[in-house]
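Shown next, in C-alpha cells, is the structure this report addresses.
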Amino acid sequence: MPPQPGSGGAEVLSVERLGKRYGATVAVDGVSFAVGRREIVGLLGPNGAGKTTILNMILGVLEPSSGAIRIEGIDLAARRSRAIAHTNFAAVYAPLPGNLTVWQNLRIFGLIYGVRGLAARIDTLLDQFDLRPFRNVKCGVLSSGEQTRASLAKAMLNRPRLLLLDEPTASLDPATARDIRAKIREFAGQGTGGVLWTSHNMYEVTEVCDRVLFLSRGNILLAGNPKTLPADHGKTTLEELFITVAREPLTLGIQ
Amino acid sequence: MRRARLHRLAAILLRQVYLMRGSPARVLPLFAWVTVDILLWGFITRYLNSVSSPGFDFVPVLLGAVLLWDFFTRVMHGVTTAFLEDVWSRNFLNFFASPLSIAEYLGGLVVTSIATSAVGLGVMLVLATTAFGLSWFAYGAMLVPFLLVLFLFGIALGILGTAVVLRFGPASEWLVWPVPALLSPFVGVFYPLSTLPLWMHYPARLLPPSYVFEGVRSVIAGGTVSVPALLTSGGLALADILLAGWCFARTYRHAVRTGLLARYSAETLS
C-alpha cells in the first residue's frame, strides 16, 4: 500500500515500506502510510499487531530493519535529533518520572525540546490540562488520570508537528477522556500538526480519527474513514469490523 | 544549535538538582561516606605516627591516598548514580525519544558528576586539613594533574558502568558499584607497585591511577614525578574515556536495534 497523503495538505509523517524483524519473526512487514497536517490517524489492531513497534520506530528508539521514516520531510535515520525535535509523545507505559513535581518535569522536558518562553508555555499547559492544583505535586503521587494529563502536557510542550499517542485515554474516566479527546482535536484543528493515535476504544476512534489503519501481524489490512469503513465491509460498527479483521480477515477478502 | 545543546545539558543537571533538593537521602551520600573514610584513616594515621619511628609522617602518604582514591570513586559514582536515577524512574523512553543526543546525555552526566564530586572533595579537604593536619603543600603543584587524571579515569569508568547497566539490565548495577574496590589492589593506593607480584604489574600499567599513586609517594619522599609517567597516565585516562564513550554508543545502538531500549522502560522494570 503506498503512502496516503493526509487530507490537510503537506505530510508531517511519511512512512515507506517500514519493516522490523527479530531473527525469523516479522513484527512489521513493509508498511507504508502518511499523516497529514490537521489529520488524526488511528493505528488499530489486536495486541501484538505491531502498533507500538511502529510508534517506537517513529520515535527513534527502535531501529527499522528496512524502510524509511520522514518527519516534516527530514529523514529520521540520517538526522535523528532534528527530525525528533518536531515530534512528541505520550504513552501509558512511559509516565513522567514520579520523583519530580509536575512543574519540574515540564521544565526539564521543555529545556530538552528547546521550548522558547518556557515558563509562560508551562503556565498555559497547566491551565489547559487542569494541572494548576498539582503544579508542585510529585508526579508519582498523582492519580492515573492526572498522570496522563501531565504526560499530555509534556507532549504538547514543543507544539509538535507530529504528536504520537499510544492509548492516551486508557486510564481515564469517561468525562476526562472526552475532555482529552477535545484537546487533541483542538490541537489538530490548529493546522500545524498531525496526530498518530493508537487505541482499543473503537467509540473513541470513530469520534476522533479522520482515518484509521487496521494493522494485523505487521501488515496494514484496511485503511479508511472510521465512520464509513464498517459499512463498506458489511459491518455495523467499527468494533465489529475490528474483531473480524483480527480473527477472520479472509472473510473480508483481505489477507 | 549550540544554545539547544547547552539547554539539554542543563536539563540533565537540573534534573539531579531537583532530585537532591527534595531528598536528604540523596544529599547525605555526597559527603557522609567520604567523611567516615577520612575520620577512620585520619585516626589510623595518627596511631601509626605514634608507634612508628619519628621522622616519617603517615598523614600525606595514607590519608592523602585515601582522599585521592575517594575522589576518584565519587567521580565514577557521580556518573553512574545520575544514570541510575533514569533507570529507577523508568525515564529512558522519555529521554531517548526526545531530541537529546547520546553525547548531550553523557555530557549532562559528566557535568552532574563534576558538581557532586566537588562537594565530596571539598568536605574531604576541609576535614583532612583541619582535623588531621594534612598539608596540600606536601604535594605541591602536582596535586592538580593528580586530581585531573583521577577525574578523567573516574569519568571513563562511570560511562563504562552505565553501558554495562544499559546492556545487562537494572540488576547489573551491583556489578558497577564495587569496581573501585576491585581495582584498588592493582593501582597501589597504599603501597608501591614493586610490592605486587609480577603478573599484577601488567594490569597496573594500564590503569592511570597507578602512575598517580606512584607519583604521590615519590613527591612525599622528596623526589620528583616522572613527566613521561604523568603524560602516560593522562593519555591512558583520555583513551579510556574515548573507549568508554565508544562502548556506550555501541551498547546504545545495540539496544535501539534489538528493541532493548524501548522494552527497558515498558517491560523490563515492570
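Residue numbers (this note's numbering), protein chains in the order written: chain A, 1 to 255; chain B, 256 to 525.
Quick reminder that beta carbons are idealized off the backbone N, C-alpha and C, glycines included.
Please work out which residues of its chain come closer than 7 angstroms, Cβ to Cβ, to Thr53 of chain A, disregarding the five sequence neighbours upstream and downstream, and give them in chain order. Lys20, Ala27, Val28, Leu62
Against Glu204 of chain A, what residues of chain B qualify as contacts under a CB-to-CB distance less than 7 angstroms, listed in chain order? Ordered by position in chain B, no residue passes the 7 angstroms Cβ test against Glu204 of chain A, which lies about 22 angstroms from the chain.
Inter-stretch contact (C-beta, 8 angstroms, three-pair minimum) for the region 302-311 of chain B and the region 265-275 of chain B: no
Chain A partners of Leu274 of chain B, CB-CB under 8 angstroms? Asn99, Leu100
Cβ of Tyr507 of chain B within 7 angstroms of any heavy atom in the ligand PLP? By its list of ligands, the structure shown contains no ligand whatsoever, and the ligand PLP lies outside what it can speak to.
Alpha carbon to alpha carbon, how far is Pro226 of chain A from Pro425 of chain B? Give it in angstroms, no decimals. 42 angstroms
Taking all protein chains shown into account, do 16 or more other C-beta atoms lie within 10 angstroms of the C-beta of Ser143 of chain A, making it buried, or fewer, making it exposed? exposed
Lys154 of chain A and Leu196 of chain A: beta carbons closer than 8 angstroms? no
Status (buried if at least 16 other CB within 10 Å, exposed otherwise) for Ser7 of chain A: Here the model assigns Ser7 of chain A a pLDDT of 45, short of 50, so the residue's position is not dependable and the matter cannot be decided.
Beta-ladder partner(s) of Arg70 of chain A, from DSSP: A:Ser14, A:Asp75
Beta-carbon proximity of Val212 of chain A to Ala223 of chain A, cut-off 8 angstroms: yes
Using alpha carbons as the reference points, say which of B:Ser465, B:Arg505, B:Thr506, B:Gly500 lies closest to Leu448 of chain B. B:Ser465
Euclidean distance between Cα positions of Arg574 of chain B and Ala337 of chain B: Residue coverage of chain B in this structure runs from 256 to 525, which leaves residue 574 of chain B outside it and unanswerable.
With DSSP as the reference, identify every bridge partner of Asn136 of chain A, one or two as the case may be. According to DSSP, which records beta bridges pairwise, Asn136 of chain A is partnered with nothing at all.
Ends of the alpha helix (DSSP H) at Asn56 of chain A? 51-58
Span separating the alpha-carbon of Thr124 of chain A from that of Arg135 of chain A: 12 angstroms
Would you identify the three-state DSSP class for Leu172 of chain A, choosing helix, strand or coil? coil
With 16 as the cutoff for other CB atoms within 10 Å, does Ser66 of chain A come out buried or exposed? exposed
In chain A, which residues lie with their C-beta within 8 angstroms of the C-beta of Arg301 of chain B? Within chain A, no residue comes near Arg301 of chain B; the closest Cβ sits about 42 angstroms away, beyond 8 angstroms.
Host beta strand (DSSP E) of Gly377 of chain B (start-end): Counting along the chain, Gly377 of chain B falls outside any beta strand (DSSP E), though it belongs to the alpha helix (DSSP H) covering 357-387.
Tell me whether the beta-carbon of Gly194 of chain A lies closer than 8 angstroms to the beta-carbon of Val12 of chain A. yes
Within its chain, find whatever has a CB closer than 8 angstroms to the CB of Ile58 of chain A; leave out the 5 residues flanking it on each side and keep chain order. Leu13, Val15, Ile69, Ile71, Leu76, Thr87, Leu162, Leu164, Leu196
Do Leu389 of chain B and Gly443 of chain B have their CB atoms nearer than 8 angstroms? no
Neighbour flag for Gly514 of chain B against chain A, beta carbons, 8 angstroms: yes
Is it buried or exposed, Trp501 of chain B, if we count other Cβ atoms within 10 angstroms and call 16 or more buried? exposed
Run the CB neighbour count on Ala85 of chain A, radius 10 Å, all protein chains shown included, and call it buried at 16 or more, exposed below. buried
Under 8 angstroms, Cβ to Cβ, is there at least one residue of chain A near Asn349 of chain B? yes
Considering only the alpha carbon of each residue, which of B:Gly333, B:Asp341, B:Ile357 lies closest to Val366 of chain B? B:Gly333
At a Cβ threshold of 8 angstroms, is Asn56 of chain A touching chain B? yes
Give the residues from the region 497-511 of chain B that approach chain A closer than 7 angstroms (Cβ to any Cβ), ordered along the chain. Val511
Which residue marks the beginning of the beta strand (DSSP E) containing Arg345 of chain B, and which one marks its end? Looking at the DSSP string, Arg345 of chain B is not in any beta strand (DSSP E), and its letter there is neither H nor E.
Can you give, in chain order, each stretch of the beta strand (DSSP E) that sits fully within the region 156-208 of chain A and has at least 3 residues? 162-166, 194-198
If we ignore side chains and look at the alpha-carbon of each, how far apart do Phe187 of chain A and Ile180 of chain A end up? 11 angstroms
Cβ-based neighbour list, Arg281 of chain B, same chain, cut-off 8 angstroms, excluding 5 preceding and 5 following: Leu274, Met275
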